[in-house]
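J.: Residue numbers (the UniProt record's numbering), protein chains in the order written: chain A, 1 to 361; chain B, 1 to 361. Would you mind keeping the following structure in view while I ask a few things?
Number of protein chains: 2
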Amino acid sequence: MADTPAGRQREVTVTDVARLAGVGKATAARALGEYGHVSEEKRELVLAAAERLGYRPNELARSMNTGRTRTLGVIVGDIENSYFGNATRGITDVARRAGYDVILLNTDENVTVEIEAVRVLTEKRVDAMIVSPASAYAVDHLQHLVDTNYPLVLLDRTIAGLPAPAAVIDIVPAAEEATARLIALGHRRIAFLSALTTDGMTFHGLPLGVSSVAERISGMLAALEAAGIRPDHDLLRFGAVDRASTDRILGELLQRDAPPTALVASDSTVVRDVLAALKSRGLRVPADISLVSFDDTGWEEFTDPPLTVVSQPVHANGEDAARMALRILGVDVLGTGDSAGHGDRLTAHLVERSSLGPPAS
Amino acid sequence: MADTPAGRQREVTVTDVARLAGVGKATAARALGEYGHVSEEKRELVLAAAERLGYRPNELARSMNTGRTRTLGVIVGDIENSYFGNATRGITDVARRAGYDVILLNTDENVTVEIEAVRVLTEKRVDAMIVSPASAYAVDHLQHLVDTNYPLVLLDRTIAGLPAPAAVIDIVPAAEEATARLIALGHRRIAFLSALTTDGMTFHGLPLGVSSVAERISGMLAALEAAGIRPDHDLLRFGAVDRASTDRILGELLQRDAPPTALVASDSTVVRDVLAALKSRGLRVPADISLVSFDDTGWEEFTDPPLTVVSQPVHANGEDAARMALRILGVDVLGTGDSAGHGDRLTAHLVERSSLGPPAS
Numbered sequence: 001m002a003d004t005p006a007g008r009q010r011e012v013t014v015t016d017v018a019r020l021a022g023v024g025k026a027t028a029a030r031a032l033g034e035y036g037h038v039s040e041e042k043r044e045l046v047l048a049a050a051e052r053l054g055y056r057p058n059e060l061a062r063s064m065n066t067g068r069t070r071t072l073g074v075i076v077g078d079i080e081n082s083y084f085g086n087a088t089r090g091i092t093d094v095a096r097r098a099g100y101d102v103i104l105l106n107t108d109e110n111v112t113v114e115i116e117a118v119r120v121l122t123e124k125r126v127d128a129m130i131v132s133p134a135s136a137y138a139v140d141h142l143q144h145l146v147d148t149n150y151p152l153v154l155l156d157r158t159i160a161g162l163p164a165p166a167a168v169i170d171i172v173p174a175a176e177e178a179t180a181r182l183i184a185l186g187h188r189r190i191a192f193l194s195a196l197t198t199d200g201m202t203f204h205g206l207p208l209g210v211s212s213v214a215e216r217i218s219g220m221l222a223a224l225e226a227a228g229i230r231p232d233h234d235l236l237r238f239g240a241v242d243r244a245s246t247d248r249i250l251g252e253l254l255q256r257d258a259p260p261t262a263l264v265a266s267d268s269t270v271v272r273d274v275l276a277a278l279k280s281r282g283l284r285v286p287a288d289i290s291l292v293s294f295d296d297t298g299w300e301e302f303t304d305p306p307l308t309v310v311s312q313p314v315h316a317n318g319e320d321a322a323r324m325a326l327r328i329l330g331v332d333v334l335g336t337g338d339s340a341g342h343g344d345r346l347t348a349h350l351v352e353r354s355s356l357g358p359p360a361s
Numbered sequence: 001m002a003d004t005p006a007g008r009q010r011e012v013t014v015t016d017v018a019r020l021a022g023v024g025k026a027t028a029a030r031a032l033g034e035y036g037h038v039s040e041e042k043r044e045l046v047l048a049a050a051e052r053l054g055y056r057p058n059e060l061a062r063s064m065n066t067g068r069t070r071t072l073g074v075i076v077g078d079i080e081n082s083y084f085g086n087a088t089r090g091i092t093d094v095a096r097r098a099g100y101d102v103i104l105l106n107t108d109e110n111v112t113v114e115i116e117a118v119r120v121l122t123e124k125r126v127d128a129m130i131v132s133p134a135s136a137y138a139v140d141h142l143q144h145l146v147d148t149n150y151p152l153v154l155l156d157r158t159i160a161g162l163p164a165p166a167a168v169i170d171i172v173p174a175a176e177e178a179t180a181r182l183i184a185l186g187h188r189r190i191a192f193l194s195a196l197t198t199d200g201m202t203f204h205g206l207p208l209g210v211s212s213v214a215e216r217i218s219g220m221l222a223a224l225e226a227a228g229i230r231p232d233h234d235l236l237r238f239g240a241v242d243r244a245s246t247d248r249i250l251g252e253l254l255q256r257d258a259p260p261t262a263l264v265a266s267d268s269t270v271v272r273d274v275l276a277a278l279k280s281r282g283l284r285v286p287a288d289i290s291l292v293s294f295d296d297t298g299w300e301e302f303t304d305p306p307l308t309v310v311s312q313p314v315h316a317n318g319e320d321a322a323r324m325a326l327r328i329l330g331v332d333v334l335g336t337g338d339s340a341g342h343g344d345r346l347t348a349h350l351v352e353r354s355s356l357g358p359p360a361s
């Protein structure tokens, strides 16, 4: 009984099928698993018995013959972040058109969970994995997929030295443009807040963990350099994972001798927490401080004030990720707007609303 | 070659392992599948060969012995809707503490896709399924799970006549309270907008498809009745699935001889589209029209004006769903705040902000 879920009928086994068919268990297993030699007569007996008993075919054994489960596995960093919901929708839309199902796992941006997720998807024998890696350094599990030729596509983030295709959006020019706009308004001290936890791993102010965040910063630094402004790495802040931490970080920034006059939020979740922190301090945007965010989830245009954002084609990027995975599998991908196949990397663009103004003092 | 994914190394098979171990294939299969008799000596030879070749254990065969894959399958209506992202996070948090992985599939609120999703999860042998059913009527696939004692928990929605536990939030009292507040301000014509597509299936104004939407309406009707206001079923509108359809519906409502003076949006996605439709028509909230929404995703307090909402404990409800599923499986669920076990149904509550005012005219 310990092996049987409470109240659940016992699973029909190969032994049950063999008994009803009047054949040996090995014969039944071969017939059901479609391997080895079974006489046509016995095969039919086994299949008839299996149907009568409601034996659930062993999908795994079957897939080892066809080589396919027609399932894509997707591993995302944070399912509560609109970015991943939207990208997953893009993946699913393309996969469904190709007759593929999509299975999703969430890592909470935790590498240990990601390693477990890869294990689960390997055991569930998905045909390919689409992964937004939580770390660019703890990547042995992804390297192992590459080494064993397990189809892998990276989502949103690249990993240096890992030869896997990546569906990523070029965000650097738009990040640079947004920063240049702030500089043109007179801002010199522009802070950046990200949920990324770097554990102190930065290099020249660039977080070493996640390429998509590094690219945001890279664009900001390029704009500062072009304007001859020396970047202040103390204005780059990480670990804004919730309201409390974001509020704490904002408090630290505002207590500096030279506080920032503008804030750049790394994603839609961060900017929501930044809005809360500003509101609780009675700070107005843009009169007291300017604010730019990445992503455009549909809410940013209705906030008070409407937010200037770097908008990303997230759904299209998800579609590209699915196309890349299916292409590795040799699946013909029908449908319109295939950007990934033409070497045209998707690009983000600046959407100007009302959250930028001149520095307060 | 047709059976091998392009560029992918051939899978290590039982035959390969048997050859290296110097045993028969049936013996290797028994040792690897942990069934039948194998001498200890041969078993060790097989396992050593399997390890050396990197043979991936057949999770399915293994699970047929333990009866468990330690995986929960979750089927949600719309992964882009914050509700489901948040609920899924709750499910995952509890599952992870119990050592269970969570696999997620999205149906786009499409029953055909839901049927396929149940098939996929059955084949992946998840131990239990948590499903937000897209329909309360096309439920044969869910009835089949119940009939075969496959552990099933419904999420967010109940199905009359289907004896499966449901993790649902009691939203009726808060919906009634929100409507009573509107009535107290002087509103008599209060419209309701939902993304639900009813295909005309309503009964006394109640959509027959989804219980959580029916409960919203039920609360509204109770408040109207208590105030002696005869409900106008033409003010209940469905199919607000995107900006265009929501804009069209709002246009129809506003062109009525007696247009609504207040709007109730069924969820956070709908209210975003309502805000867009109001903005494009130059209508101000609450001066021109009052607005209430269900859910509180974190953005509603920062819109212009901040929105009055019926807030639901979505994360806690996801946690409850996971606890119910694990309890069916006989898994001890540690952790705090177990509401589901005590018959205390989670309840929604009204959060008053600034989107309600007296009727315009």
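For glycine and all other residues, C-beta sits at the position ideal for the given N, C-alpha and C. As the structure is a prediction and not an experimental result, all values here were calculated from the model.
1. Taking Cβ-Cβ distances shorter than 9 Å, what residues in chain B pair up with residue 362 of chain A?
2. Counting along the chain, where does the beta strand (DSSP E) carrying A/H349 start and finish?
3. Can you tell me which of the three DSSP states B/S293 falls into?
4. When you compare each of A/F294, A/S245 and A/R353 to A/I169 by their alpha carbons, which one comes out closest?
5. Classify B/A360 as helix, strand or coil using the three-state DSSP reduction.
6. Give the residues of chain A in contact with B/D234, contact being defined as C-beta atoms less than 8 Å apart.
7. What number of angstroms, rounded off, separates the C-alpha of B/R323 from the C-alpha of B/L250?
8. What residues from chain B crowd round A/L105, counting only those whose CB sits closer than 8 Å?
9. Please decide whether A/T303 counts as near chain B, where near means a Cβ-Cβ distance under 7 Å.
10. With DSSP as the reference, label B/N81 as helix, strand or coil.
11. What separation, rounded to the nearest whole angstrom, lies between the Cα atoms of A/A184 and A/E225?
12. Output yes if chain B places a C-beta closer than 7 Å to the C-beta of A/V292; else output no.
13. How long is the line joining the alpha carbons of A/I217 and A/A316, rounded to whole angstroms?
14. Beta carbon of B/A277, beta carbon of B/D234: below 7 Å?
15. Taking the beta carbon of residue 373 of chain B as the centre, do at least 16 other beta carbons fall within 10 Å, making it buried, or is it exposed?
16. Using a Cβ cut-off of 8 Å, pull out every chain B residue sitting near A/I75, in sequence order please.
17. Three-state secondary structure (DSSP) at A/I91?
18. Please state whether the Cβ-Cβ distance between A/V310 and A/A178 is less than 7 Å.
19. Under 8 Å: do the stretch 37-52 of chain B and the stretch 256-263 of chain B share three or more Cβ pairs, one atom per stretch?
20. If you reduce the DSSP assignment to three classes, tell me which class B/A18 lands in.
21. Does the CB of residue 362 of chain B have a neighbour CB from chain A at under 7 Å?
22. By Cβ distance, which residues of its chain are closer than 7 Å to A/L283, with the 5 residues on each side in sequence left out?
23. What does A/V120 touch in chain B if you count any residue whose Cβ is under 8 Å from its own?
24. Please confirm if B/A340 has its CB atom under 7 Å from at least one CB of chain A.
25. Within this structure, are the beta carbons of B/A287 and B/V274 separated by less than 7 Å?
26. Using beta-carbon positions only, say whether A/L53 and A/V14 come within less than 7 Å of one another.
27. Between B/G99, B/T92 and B/V118, which has its C-alpha nearest A/T107's C-alpha?
28. So which residues of chain B does A/T92 contact, with C-beta pairs closer than 7 Å?
29. Alpha carbon to alpha carbon, what distance is there between A/P305 and B/A223?
30. For a cutoff of 7 Å on Cβ pairs, would you count residue 371 of chain A as touching chain B?
31. Can you give me the start and stop residues for the beta strand (DSSP E) that A/D101 sits inside?
32. Is there at least one non-hydrogen atom of the ligand MN closer than 6 Å to the beta-carbon of A/R181?
33. Does the stretch 134-153 of chain B come close enough to the stretch 145-154 of chain A that 3 or more CB-CB pairs lie under 8 Å?
34. Identify the contact partners of A/G298 in chain B, using a Cβ-Cβ distance below 7 Å as the criterion.
35. Is the distance from the Cβ of B/T158 to the Cβ of B/S82 below 7 Å?
36. Measuring straight from C-alpha to C-alpha, what distance separates B/A160 and B/T122?
T.: This is what the structure holds:
1. Within the shown structure, residues of chain A are numbered from 1 to 361, placing residue 362 of chain A beyond reach of any answer.
2. H349 to V351
3. strand
4. A/F294
5. coil
6. Ordered by position in chain A, no residue passes the 8 Å Cβ test against B/D234, which lies about 28 Å from the chain.
7. 40 Å
8. D101, V102, I103 and L104
9. yes
10. coil
11. 13 Å
12. no
13. 23 Å
14. no
15. The requested residue 373 of chain B does not occur in the structure, where chain B is confined to residues 1 to 361.
16. Those do not exist, as A/I75 stays about 11 Å from chain B at its closest Cβ, beyond 8 Å.
17. helix
18. yes
19. no
20. helix
21. There is no way to answer for residue 362 of chain B, as the model of chain B reaches only from 1 to 361.
22. I289
23. T71, D101 and I103
24. A caution first: B/A340 carries a pLDDT of 43, below 50, which makes its placement in the model unreliable, though a value can still be read off. Answer no: the Cβ-Cβ gap between B/A340 and chain A never drops below 7 Å.
25. no
26. no
27. B/T92
28. N106
29. 35 Å
30. With chain A covering only 1 through 361, there is no way to say anything about residue 371 of chain A.
31. D101 to N106
32. Ligands in the displayed structure: none, and consequently the ligand MN is not present.
33. no
34. R272
35. no
36. 23 Å
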